[in-house]
Amino acid sequence: MRFTRFGLTTLRDTPSEAEIVSHQLMLKAGLIRRLASGLFTWMPLGLRVLRKVERIVREEMDRAGALEVVMPAVQPAELWRETGRWDKYGHLLLRMTDRHDRDFCFGPTHEEVITDIARRELRSYKQLPVNFYQVQVKFRDEIRPRFGVMRAREFMMKDAYSFDTDQAGLEESYRKMHNAYVAIFERLGLGFRVVDADSGEIGGSRSQEFMVLADSGEDGIAWCDEDNYASNVETAATSPREGITPAPTRDLEKISTPNCKTIENLVAFLDITAEQTLKTLIVDGDDGPIALVLRGDHELNAIKADRIPGVAEPLTMAGPATIQKATGSVPGYAGPIGLDIPIFYDHATAAMSDFVIGANEADMHYVGVNFGRDVDVPETVDLRNVIEGDPTPGGKGTLKIARGIEVGHIFQLGTVYSESMNATVQDKDGKDATMAMGCYGIGVTRIVGAAIEQNHDEKGIIWPEPLAPFDVILVPINMHRSDTVREASEALYEELQSMGLDVLFDDRDARPGVKFADAELIGIPHRLVVSERGLEAGELEYRHRRDDESRMMKRDDALDLVKDSSLS
RNA sequence: CGGGGUGUAGCUCAGCCUGGUAGAGCACCACGUUCGGGACGUGGGGGUCGUUGGUUCAAAUCCAGUCACCCCGACCA
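What follows is the structure, given as structure tokens:
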């Protein structure tokens, strides 16, 4: 491709709308342009990268035995009503009506459509297992799109759906997809980690996420190599810490704490740390309110709280009236002493002594509180978000926390969809068997952003070679004044292409500095510079995007180097 | 949806407080000089100042509404 014919405009200034580096670089390098919030046009340079991702994904999906299909992006409401998700998926669904006033949505995912296909097409267990996939545009009406293509509303997704006769088959299909995903992310050249995850609105049982490690990631990852444990912090578990609760050193005392409705205010007023306090959260339950007790500096985890028997789903904080009735006080002063509703304590509370709690009375707290003396020694449960240093569930080590970008998510759905949509096959005995499903997603567009987050420097993008829009950029110096350089460059351009390489030929009549700056910004792995002075010695200047400096090489050696590196 | 911020040329921004009819750098076009790390000169094209309404002799500027974009939050005591 000739630069002058490629329609590429790079920006010298960073657009003010971009916050994170991948978004900034994608705009500066001309990969994408924004149409509206969360909607992007993929320009020629960006599309080349996207296509490279898609190709690798397709190759590995095909290798794993999955079958490619394309389903409609627009889906009828009836299918979503069958599974109950027309209402449940709610806010993320972009709904529309056609001219006959029939309801449709722009698909955010395709479980319903594929299950409809499966129940029509699959009759016999002999047709299983089968796995269908597609690479297609999805639309999710995100609450707040952000970070460019990282959380866009319209995005490219590879989604796959497996069908098996039973759970054992599903586990095998799931394992295959897990392995295919590992192969995909390894080929893409990204640093990633597989973590346990919550299955959220998709439903089902086991699920794992593939996280590209990056500080700008929206997700937290809790992990521990000694225990071979890794989980999204949303679901990361911890265990009770071994150790002895210190003996009481203070007497129980009820004190006045005006305007201390928050832990923050309380800590400031008493000049203590949040670790010395307990907070008592009142949540709605199936049979009246329930109290959840955490150390003051810890955060309640909604997913874990929902697993507590009796807690209303979804988790709802009790309103002022309920709190008044349960505690006898305005919100902000709840505490376990004298509280006559079910109380659940987090694991970490057990190790505390001489702590501060609300007194169930406005502007009053108890200080010097101790378990066994003032409050019954509690059975504890896992209630909160883990933090760095917490013991692992297995107990062999402590958790570390890292940030990650979710680029893949695999689920064992089981029969959630096949049951509600009545997708069955005849088994060996001629009986109807509800198919066991799995679903497997990869955020294709998000991968491009994630790759940049992980591979850039102050000059621009540094593409992992499998993702690079071009293998090599050919930079002639003073081509428009030197016939020697022009002829040699044109010949090289032809030769590199005939070797099967994707070549960007910077044929602009621009000064070298401009060309070098753009080459670095758009991040092409190999750079070959053609100059009069090099040609006299039969040499080219070679530099890899990751190299600190360039080196002169014999022409053929340079070509071999690029060829071997790019086509291996 | 709640809170905050920003809308002036393709990009980054100044001008607004104190109203008088729009600017800079980069980018773009032409010519000339330059030519191995984002050159320089001369000339040129490009903006109903997001939008609607109001105040005023006069509005980019003051007032009100509205739209768009960005950030923080949306159980977080």
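Under the working numbering, think of the first position of the first sequence as 111, with each following residue one higher. Each residue gets a CB set at the ideal place from its N, CA and C atoms; glycine is no exception.
- Proximity to residue 649 across 657, 656, 245 and 640 peaks at 640, based on C-alpha coordinates.
- Looking at 139, 658, 236 and 243, the one whose alpha-carbon comes closest to that of residue 180 is 243.
- Put simply, of 299, 613 and 189 the residue whose alpha carbon is nearest the alpha carbon of residue 115 is 613.
- CA-to-CA, the gap between residue 251 and residue 148 works out to about 9 Å.
- Taken in chain order, the complete alpha helix (DSSP H) segments of 4 or more residues contained in the region 519-606 are 526-530 and 554-564.
- Every beta strand (DSSP E) of 3 residues or more that sits fully in the region 394-482 is shown, in chain order, as 400-405, 453-456, 465-468 and 474-479.
- Between residue 200 and residue 327, the CB-CB gap reaches or exceeds 7 Å.
- Per DSSP, the unbroken alpha helix (DSSP H) holding residue 284 starts and ends at 277-297.
- Sequence-distant Cβ neighbours of residue 124 in its own chain, meaning closer than 7 Å and more than five residues away, are 134 and 138.
- For residue 198 and residue 191, the gap between their C-alpha atoms comes out near 9 Å.
- The beta carbon of residue 159 sits closer than 6 Å to the beta carbons of 558, 577 and 579 from its chain, once the five residues preceding and following it are set aside; these are given in chain order.
- Per the coordinates, the alpha-carbon of residue 336 lies some 40 Å from the alpha-carbon of residue 451.
- Under the DSSP assignment, residue 644 falls in the alpha helix (DSSP H) whose first and last residues are 642-646.
- Judged by DSSP secondary structure, residue 342 falls within the beta strand (DSSP E) whose first and last residues are 339-342.
- Between residue 519 and residue 319, the CB-CB gap stays under 7 Å.
- Shown here for residue 396: same chain residues with a beta carbon closer than 8 Å to its own, the five before and five after excluded, namely 420, 421 and 422 in chain order.
- Here the alpha carbons of residue 474 and residue 366 stand approximately 5 Å from one another.
- The beta-bridge partner set that DSSP reports for residue 652 consists of 638 and 661.
- Put simply, the backbone Cα of residue 399 is about 28 Å away from that of residue 383.
- Closest by C-alpha distance to residue 261, out of 356, 517 and 630, is 517.
- For the 7 Å CB-CB criterion, residue 239 and residue 279 form a contact.
- Nearest C-alpha to residue 376 among 555, 468 and 143: 468.
- The residue from 292, 309 and 232 with its alpha-carbon nearest to that of residue 526 is 309.
- With a beta-carbon spacing of about 7 Å, residue 575 and residue 676 fall inside the 8 Å limit used to define contacts.
- The alpha-carbon of residue 492 is positioned some 41 Å away from that of residue 127.
- Around residue 659, the same chain offers 653 as residues with beta carbons nearer than 8 Å, after the five sequence neighbours per side are excluded.
- Distances from the alpha-carbon of residue 424 to those of 415, 432 and 431 put 415 closest.
- Residue 555 places its beta carbon 7 Å or farther from that of residue 544.
- Non-local beta-carbon contacts of residue 594 in its own chain, meaning distances under 8 Å to residues more than five positions away in sequence, involve 642 and 645 in chain order.
- DSSP, reduced to helix, strand and coil, places residue 625 within a helical segment of the structure shown.
- Pairing residue 562 with residue 571 gives a Cβ-Cβ distance under 7 Å.
- For residue 269, there is no enclosing alpha helix (DSSP H); the residue is part of the beta strand (DSSP E) that begins and ends at 264-274.
- The beta carbon of residue 456 sits closer than 8 Å to the beta carbons of 402, 403, 404, 405, 408, 490, 491, 492, 493 and 494 from its chain, once the five residues preceding and following it are set aside; these are given in chain order.
- Around residue 537, the same chain offers 235, 275 and 543 as residues with beta carbons nearer than 7 Å, after the five sequence neighbours per side are excluded.
- Sequence-distant Cβ neighbours of residue 166 in its own chain, meaning closer than 7 Å and more than five residues away, are 294, 297, 298 and 576.
- The C-beta separation of residue 412 from residue 440 comes to about 24 Å, leaving the pair out of contact by the 8 Å criterion.
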